[in-house]
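Peer 1: Per the numbering used here, the sequence shown starts with residue 1, numbered consecutively.
Every residue, glycine too, gets a C-beta built ideally from N, C-alpha and C.
Pasting a structure here, questions to come.
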Amino acid sequence: MHSTYTKLVRDITAICQHRNFECSEIGRVGKNKQYPLLRVVIEPPEYTKTLLVIAGVHAGTEPAPVMAAVEFLREYEVQPVKIILFPCLNPSSVRMGSRKNWEGKDLNRSRHGYFQPEQTLCLLHSYGQKIDAVISLHEDNWLSGQCYGFGFNQNRKHKNFYAGLLQAMNQHMPVLQKDTLDGLSVEEGIIWDRYDTSLEARFAEAGVPLCFCSETGRGNFQQRVRANVALLKQATESLM
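Structure representation (structure tokens):
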């Protein structure tokens, strides 16, 4: 786990330099614009699909997705899939140990069409590209030792894609077996088509055919990290 955002930036930058991945600062956020927001792009010469990965929306209270993004960059065996990765979308929350950003706003709870700077940068540097799938990595701090996900696909045409993601996570953390969670129906570990103000829901509304939000419950930190790394590897393989 990274103790500071500065160390996280150093580590991501070093990995990308070593592996010849494009890592760029797309803007700065925070009260004094002190936090560089990073975007990593892995673009093979002949790719057929594009995967957008968002981690660290709630980095201060959900650290495993950020570490999973880092470990994925270390381990990834490049496939013919273009990857656009935001390894930590909410840098200020790392220092504060908070779900919210420096303005006290939840990046998944935008209202009245107003976007926080972090959201705006993510959208500006993603829209206009043909994105085939979006994966957003999260944690459920109220759930113990299990994982599940939110899937967007009203006609279930791509149900096997989502099932494969959960199967990959299940290698490290059991999939939720309940039929309901927080009043929502759960089908084999997936809550379907919850169109809220989350980034993944916005991409689904914009027409991205495959959108998934992973949720890992409380438990061993390394298990949570490995579950999300396995998910990302499975996503790239499924898109080939």
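1) In terms of residue numbering, what span does the beta strand (DSSP E) encompassing alanine 133 cover?
2) Compute the distance between the beta-carbons of lysine 130 and threonine 50, then report whether it is under 8 Å.
3) Out of curiosity, what's the CA-to-CA distance linking leucine 182 and alanine 201?
4) Do leucine 38 and glutamate 22 have their C-beta atoms within less than 8 Å of each other?
5) Relative to the C-alpha of serine 238, which candidate in His58, Gln79, Glu71 and Tyr5 has its C-alpha closest?
6) Would you please state the rounded distance, in angstroms, between the beta carbons of tryptophan 102 and glycine 30? I believe it to be under 8 Å.
7) Over what stretch of residues does the beta strand (DSSP E) that includes cysteine 211 continue unbroken?
8) So, at 8 Å on beta carbons, what are the nonlocal neighbours of proline 144 in its own chain, with the 5 sequence-adjacent residues on each side left out?
9) Over what stretch of residues does the alpha helix (DSSP H) that includes lysine 159 continue unbroken?
10) With valine 175 as the anchor, note down where its alpha helix (DSSP H) starts and where it stops.
11) Can you tell me where the beta strand (DSSP E) with serine 110 in it begins and where it stops?
12) Alpha carbon to alpha carbon, what distance is there between glutamate 77 and glutamine 167?
13) Out of Phe161, Phe115, Val229 and Leu184, point me to the one whose CA is closest to phenylalanine 212's CA.
14) For a quick check, are the C-beta atoms of proline 87 and valine 66 less than 8 Å apart?
15) Which residue or residues does DSSP assign as beta-bridge partners of threonine 50?
16) Rounded to the nearest angstrom, how far is the Cβ of serine 243 from that of lysine 100, given a contact under 8 Å?
17) Please go through the stretch 9-80 and give each complete beta strand (DSSP E) segment of 3 or more residues, from N-terminal end onward.
18) Between the alpha carbons of cysteine 147 and glycine 164, how many angstroms are there, rounded?
19) Just tell me which of Leu231, Val229, Glu46 and Gly27 has its CA closest to the CA of histidine 125.
20) Going by beta carbon distance, what residues of the same chain come within less than 7 Å of lysine 105, once the five residues before and after it are set aside?
21) Tell me the residue span of the beta strand (DSSP E) that contains cysteine 147.
22) Would you tell me roughly how many angstroms separate the C-alpha atoms of tyrosine 47 and lysine 82, rounded to the nearest one?
Peer 2: Per the coordinate set shown:
1) Looking up residue 133 in the sequence shown gives position 133. Alanine 133 -> beta strand (DSSP E) spans 133-144.
2) The sequence position of residue 130 within the sequence shown is 130, counting from 1. The sequence position of residue 50 within the sequence shown is 50, counting from 1. Yes, these two residues count as a Cβ contact at 8 Å.
3) Walking along the sequence shown from the start, residue 182 turns up at place 182. Walking along the sequence shown from the start, residue 201 turns up at place 201. It should be pointed out that residue 182 corresponds to aspartate in this sequence rather than to leucine. The alpha-carbon atoms of aspartate 182 and alanine 201 are separated by roughly 18 Å.
4) Taking the sequence shown and counting its residues from 1, the one referred to as residue 38 is at position 38. Taking the sequence shown and counting its residues from 1, the one referred to as residue 22 is at position 22. Inclusion of leucine 38 and glutamate 22 in the CB contact set at 8 Å is not warranted, their separation being larger than that value.
5) Counting from one through the sequence shown, the residue named residue 238 turns up at place 238. Residue Gln79 is the option with its Cα nearest to serine 238.
6) Taking the sequence shown and counting its residues from 1, one reaches residue 102 at position 102. Taking the sequence shown and counting its residues from 1, one reaches residue 30 at position 30. That pair is a contact at about 5 Å.
7) Here residue 211 is taken as the residue at index 211 of the sequence shown, counted from 1. Taken as a continuous stretch (DSSP letters only), the beta strand (DSSP E) holding cysteine 211 covers 210-218.
8) The residue labelled residue 144 in the question sits at position 144 within the sequence shown. The sequence as given places serine at residue 144; proline does not occur at that position. If we look at serine 144 and ignore the five residues flanking it on each side, its Cβ neighbours are Gly217, Arg218 and Gly219.
9) On the sequence shown, residue 159 is found 159 positions in, with the first residue counted as 1. DSSP places lysine 159 inside the alpha helix (DSSP H), whose first and last residues are 159-170.
10) Reading the sequence shown from its first residue, position 175 is the one you call residue 175. Valine 175 -> no alpha helix (DSSP H), and no H or E assigned at all.
11) Within the sequence shown, numbered from 1, the residue matching residue 110 stands at position 110. Counting along the chain, serine 110 sits inside no beta strand (DSSP E), nor does DSSP assign it H or E at all.
12) Walking along the sequence shown from the start, residue 167 turns up at place 167. Walking along the sequence shown from the start, residue 77 turns up at place 77. Rounded to whole angstroms, glutamine 167 and glutamate 77 show a C-alpha spacing of 20 Å.
13) On the sequence shown, position 212 is the one that residue 212 refers to. Out of Phe161, Phe115, Val229 and Leu184, the CA that lies nearest to the CA of phenylalanine 212 is found in Phe161.
14) Along the sequence shown, read from residue 1 onward, the residue named residue 87 stands at position 87. Along the sequence shown, read from residue 1 onward, the residue named residue 66 stands at position 66. It is a contact, given that the beta carbons lie within the stated cut-off.
15) Residue mapping note: residue 50 aligns to position 50 of the sequence shown, counting from 1. In the DSSP output, where bridge partners are listed per residue, threonine 50 has Lys82.
16) Any property of residue 243 remains undetermined from this structure, which presents the chain solely from 1 to 240.
17) Counting only runs of at least 3 residues, the stretch 9-80 fully encloses the following beta strand (DSSP E) elements, listed from N- to C-terminal order: 22-29, 35-42 and 49-54.
18) Reading the sequence shown from its first residue, position 147 is the one you call residue 147. Reading the sequence shown from its first residue, position 164 is the one you call residue 164. Approximately 13 Å between the Cα atoms of the pair.
19) By one-based count along the sequence shown, residue 125 stands at place 125. Histidine 125 has its Cα closest to that of Gly27, out of Leu231, Val229, Glu46 and Gly27.
20) Sequence index remark: in the sequence shown, residue 105 carries index 105 (1-based). Same-chain partners within the cutoff: Gln116.
21) Position 147 of the sequence shown, counted from the start, is the residue given in the question as residue 147. Here the beta strand (DSSP E) through cysteine 147 covers 147-152.
22) As a working note, residue 47 is residue 47 in the sequence shown. As a working note, residue 82 is residue 82 in the sequence shown. Those two C-alpha atoms are separated by around 6 Å.
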